[in-house]
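Visitor: Numbering (my numbering), first residue to last: 62 to 293.
Every residue gets a Cβ at the ideal spot worked out from N, C-alpha and C, and that includes glycine.
These figures come from a predicted structure and were not determined experimentally.
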Ligand code: BV8
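1. Flag residue 214 as yes when its Cβ comes closer than 7 Å to any non-hydrogen atom of ligand 1, and as no otherwise.
2. Looking at C-beta atoms only, is the number of pairs between the segment 124-137 and the segment 72-86 that lie closer than 8 Å three or more?
3. Whose C-beta lies closer than 8 Å to the C-beta of residue 164 among residues of the same chain, with five residues either side of it excluded?
4. What residue range is occupied by the uninterrupted beta strand (DSSP E) comprising residue 274?
5. Assuming residue 178 contacts residue 156 under a Cβ cut-off of 8 Å, what Cβ separation, rounded to an integer in Å, is found between them?
6. For the candidate residues 228, 188 and 210, whose alpha-carbon lies nearest to that of residue 66?
7. Identify the continuous beta strand (DSSP E) that holds residue 203 and give its terminal residues.
8. Ends of the beta strand (DSSP E) at residue 82?
9. Give the single residue among 120, 122, 153 and 162 whose Cα lies nearest to the Cα of residue 139.
10. Just to confirm my understanding: we take residue 159, look at its own chain, exclude 5 residues before and 5 after, and list those with CB closer than 7 Å. What are they?
11. Please name the residue or residues paired with residue 143 in a DSSP beta bridge.
12. What does a CB cutoff of less than 7 Å around residue 271 pick up in its chain, not counting 5 residues either side in sequence?
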């Protein structure tokens, strides 16, 4: 059975209407990263950060999975392939598109975390700074999302899967944010073949064995169909 590790970024959700980070109308254009995606920014202005994530939680709920998400789910369902999706995205479109084996290394909009006691629970659509933690009661609730300077989730699991893979595929990511942007180098050093599927060459495109450029809803289904036609 062929083991495939697939890294996805904001580009795979772009055609579902969810804004990416670094495009001209990107999310970061309106906000400085330091203000909305760092612990320091949250400490400085928790209401601004909650407003930023409340808006993204609503946008994700209003979006639907696209043909790229569904193609990855079809590949996972094919018994000849063992597929792990490692996503930087905090939306749930992979799951709603039918994928089961998904790691959200940067957390999810669906999760809430208490900055005081570490409790986790399903996030309400709207979070506010004064919300009491359901466990300890303190007003220290935050989105369960990995901000800059924080440790991404399940890294050991990811690196182990990466090194044991028969193929590493990167989809819809600009290759700017580490450690995700380093996965192609990790795979290459482990002798794992690498493929980039992206709208345009990413920052790390020269490290990939192969790169195909175009919208995810075109290049991802084409790649999956070709793989399944050839077999494992
Ligand atoms: C950590 C959650 C220690 C928030 C996010 C200097 C050198 C190296 C590293 C660093 C450095 N200085 C600081 C660092 C560390 C820092 C980092 O990498 N900074 C960068 C800016 C230099 N990283 C961290 O702090 C990480 N933690 O390092 O801890 C550590 C290290 C190793 C092991 C353990 C611990 C934590 C980073 C996580 C930050 N949180 N997200 C939120 O989502 O609100 S990052 C944020 O950017 C999102 O997760 C997003 O996914 C991610 C990356 O962006 P992309 O997904 O790539 O999106 P982008 O808009 O950039 O690109 C979209 C791409 O899609 C484009 O290429 C575009 O062409 C393409 N596209 C567009 N449309 C389509 C398309 N493709 C196909 N079809 C389309 N239709």
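Guide: Based on what the coordinates show:
1. No.
2. yes
3. Shown here for residue 164: same chain residues with a beta carbon closer than 8 Å to its own, the five before and five after excluded, namely 145, 146, 147, 148, 214, 215, 218 and 219 in chain order.
4. 271-274
5. Wrong, their Cβ atoms sit about 27 Å apart, outside the cutoff.
6. Proximity to residue 66 across 228, 188 and 210 peaks at 228, based on C-alpha coordinates.
7. 202-206
8. Premise fails: residue 82 is in no beta strand (DSSP E) and is neither H nor E.
9. 162
10. 131 and 134
11. 64
12. 256
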